[in-house]
Every structure is written in C-alpha cells, then in structure tokens.
Ligand SMILES: *Cc1c(COP(=O)(O)O)cnc(C)c1O
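In our numbering, the protein residues as written are 1048 to 1436.
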C-alpha cells in the first residue's frame, strides 16, 4: 500500500518512492539496465523490459505523477508530443470525430491536420471560451473533446467547467493538455476531465535538460495508452526518468515562485508606457481572469505582451535584455523570451496569426527563478534604451 499525502508539496517529495527504500537509498537509484531477470510473468506488458515502461524508475514516476494530479494511473513518455499522439490514437482508436481547441500547441495542430486523418480521425476546431458554438459541431461519431489549460501565447483560459459538463452530457472523453498550468496550479481530473496530458519537458522537469511527456487519468484509459506506447516504443529512458523524478521534487516550490514573480513582472509591464498590453490571466484586465481565479491556484510563469512599435522594436527589446535567454520553450529555471510570430507560430498564415493576436510585436516571456527585482530592472533598462532610440 503506498502512502497517501494531503498536500502537493509533500506528495512531490514522498509519493511514489519505493517502499522500502532500495538498499536504504534516500534517492531512487537509476536502473540503467534494459531488462531484469525473467520473473515468470505470463503477460507481455509485465515482462521487465525498458521499452515496456515498467522499470523501477518508471514506476516511481508513474505513482508520483498520479498522486500529484489525483489520478488513478499515469504513464511517462519520450516527449509531450508522444503523450498527446498516443492518447489521441487510443481514445480515437478505430476512427471517428472529435472537437479540439483552436489555438492549440503547434505540434498538436500538425498531428490533427496531417497525421490523424489517414487513420479516419477527423476534428472540428472550437472556440474554447464559447460553449454556445460546440453542440452544432457534434456528429454521431464524435467521441472526444480536447483542450489546453491556457492557450499559447495569449493565455486565454478555456471554459473548463463547460467542457467537462459538455463531455458528460454527450458521452465524450474529455482530454486536456495541462502543460501550461502544471499540477500545482490546476488538477483537471479533480474538475472531471478524463485525461490530463503534459509536456514534462516544461514545468514538471523544470530544468530545461530533457524531453518527456506524461498522461494521467483513470486506470483503464491510461493502461490502454501505456500498452500502445509499448508497441510504438516512445518510452522514457532510465536516466531521463531519474532527471524528471529529481525535477518533480521541487515542482511546487518552483511554480509557487514563478506564479508570484510572473504576476509582479506582468504588473510592471502593464504599467510601462512603452507596453501596449499584457496577456496574463493573473491580471484583472485579462479575459481569463475570473475563470483563472475560480479554477487555478496560480497562473504560472508564462505571459506575453505587446510592445509599442513593430516586429523590429520587439527584436531590439529582446536584444537589449541581459537576463532572459532568447529562445522558445518554457517552464524552466531560466527566464526565456521569444517572438512567437517568428518561431513557435512562424508556419501560420500571417493574417490568421494576427487575427488571434499574434502580431510581430508580441513577445512571450517564460519567467524562471531569477530574482524578480533583477528581471524587472533588466526590463527597465532595456525599455529605456528603446525609448532613447
Ligand atoms: C512543449 C509543448 C508540447 C510538446 O511537448 P514536447 O515535450 O516538446 O514534445 C505540447 N503541448 C504544450 C502546451 C507544450 O508547451
């Protein structure tokens, strides 16, 4: 019987750890082996083989992640995209139709548009903030609804309560990519979602040094995803498991800090004369503010803002900053900054891009663990140089 803990901070440290500790080792050791001695198991999926994601490093992670999200079962995968792809392929097995949030992660959009249709899986895009448009898109073969915790990079918050109610009313499987919230700020399964997905590359690991994913949900569904993973081979190797496990232990304290620091930076930017607008659900001015207050325990480390000027003004601002590293990705300990129109959303049609607020002068910031005051002073100096130009 594994121990149950009430608070997330305690779960991050103690849930899922082997009982008793292996040779008394305080840290779960890395089992850098491809297989264990045959133990007589008659079930293929229980053969102790690394690709089957059932080694001690996988199992500790699975239990810890399930505890953090209050789910029955979890599985870790080789990337966030493999968790998303295998989950959609499992839920939509045999073909059919589903609804998905329009402003989804780029890889997910590409999966849905370019990979799934050949397996007879089709999708209609929905505005996740406006439930009134969903029912008319239902077909007899509609089987699932897919959302993200917050939309990248404008940080809109889907009407998650309505998504869960809609799924229950129409017998759909509700799936959410909860990467941007992390279990610290939102536990979708508690709200009634069936499946919570993560790019563990981001907050869960938090140290920008590995690629991983996770799916958490009810036991039967996650078991089916796990068995599909065994065949597609998107397993996480033991060393990456160890690093992710190490990262998870500090997840709550990292994200609590990021919540506070990002809110302070959002407030600073919103008050600056050279900033046109700031997108952060923790600000009263954001369309998702009320929903975030109700559903989330914090709004995380990502915000975006529009600098007065054009794409090259945005570029000058990024160049003038000393602390943020100019690159994509998010949720790590170092602050990262990027122009979505030139990177994460570069393949989108420019007009479509602008229609959803991703203009060339929009900048996305992922706040790390540097001192908030240092980051604010850095923005202060870079913005003042901008105004002197
Ligand atoms: C990064 C990301 C993904 C993809 O994760 P990988 O680990 O890069 O495969 C999916 N969804 C969201 C919201 C992400 O930020």
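No residue lacks a Cβ here, since even glycine has one placed at the ideal position from N, Cα and C.
Would you please state the rounded distance, in angstroms, between the beta carbons of residue 1285 and residue 1077? I believe it to be under 8 Å.
5 Å
Excluding the 5 residues preceding and the 5 following residue 1289 in the sequence, name in chain order all residues of the same chain whose CB lies nearer than 7 Å to its CB.
1077 and 1104
On the three-state DSSP scale, how would you describe residue 1169?
strand
Just checking: is the beta-carbon of residue 1092 within a distance shorter than 9 Å of some beta-carbon in chain D?
The structure shown contains no chain D; it holds only a single protein chain.
Closest Cα partner of residue 1404 within the set 1167, 1282 and 1324:
1324
With respect to 8 Å, is the separation between the Cβ of residue 1415 and the closest non-hydrogen atom of ligand 1 below this value?
no
If you check the beta carbons only, do residue 1359 and residue 1387 fall under 9 Å apart?
no
Counting pairs of beta carbons, one from the region 1264–1272 and one from the region 1320–1334, are three or more of them closer than 8 Å?
no
Report the rounded CA-to-CA distance for residue 1239 versus residue 1377, giving the unit in angstroms.
27 Å
Could you check whether the region 1249–1256 touches the region 1293–1305, counting it as contact only if at least three pairs of C-beta atoms, one from each stretch, sit closer than 8 Å?
yes
Report yes if the CB atom of residue 1231 is closer than 9 Å to the CB atom of residue 1302, and no otherwise.
yes
In the DSSP output, what is residue 1222 paired with across the bridge?
1193 and 1242
Within its chain, find whatever has a CB closer than 6 Å to the CB of residue 1096; leave out the 5 residues flanking it on each side and keep chain order.
1082
Would you decide whether residue 1198 is buried or exposed? Buried here means 16 or more other CB atoms lie within 10 Å of its CB.
buried
If we ignore side chains and look at the alpha-carbon of each, how far apart do residue 1052 and residue 1115 end up?
10 Å
Checking 9 Å against the spacing of the C-beta atoms, do residue 1149 and residue 1172 come in under that value?
yes
Distance, residue 1225 Cα to residue 1101 Cα
24 Å
Per-residue burial, residue 1186 [other beta carbons within 10 Å of its own, 16 or more giving buried]:
exposed
Starting from residue 1204, trace the beta strand (DSSP E) in both directions and tell me its first and last residue.
Careful: residue 1204 lies outside any beta strand (DSSP E) and carries neither H nor E.
When DSSP labels each residue in this structure, what does residue 1362 get in the three-state scheme?
helix
Per-residue DSSP class, three states only, for residue 1083:
coil
Going by DSSP, what residue range makes up the beta strand (DSSP E) through residue 1148?
1143–1148
With hydrogens ignored, establish whether the beta-carbon of residue 1199 is closer than 8 Å to any heavy atom of ligand 1.
yes
Measure the alpha-carbon distance for residue 1160 versus residue 1241 and round it to whole angstroms.
23 Å
Near residue 1048, what residues of its chain come up, given a Cβ to Cβ distance below 8 Å and the 5 sequence neighbours on each side ignored?
Unreliable placement is indicated for residue 1048, whose pLDDT of 43 sits below 50; the coordinate value is still reported in the next sentence. Excluding residues within five positions, none has a Cβ falling inside 8 Å.
Is any non-hydrogen atom of ligand 1 found closer than 8 Å to the C-beta of residue 1027, if you look at the structure I gave you?
It is not possible to answer for residue 1027, since the shown part of the chain is limited to 1048 through 1436.
Quick check: the Cα distance between residue 1191 and residue 1139, rounded to an integer number of angstroms?
8 Å
According to the neighbour-count rule (16 or more other Cβ atoms, all chains shown, within 10 Å of its Cβ), is residue 1109 buried or exposed?
buried
At a cut-off of 8 Å, is residue 1374 close to ligand 1 when judged by its beta-carbon and the heavy atoms of the ligand?
no
Residue 1058, buried or exposed, once every other Cβ within 10 Å from all chains shown has been counted against 16:
buried
Looking only at DSSP bridge pairs, what is residue 1096 linked to?
1082
To the nearest angstrom, how far is it from the Cα of residue 1281 to the Cα of residue 1424?
43 Å
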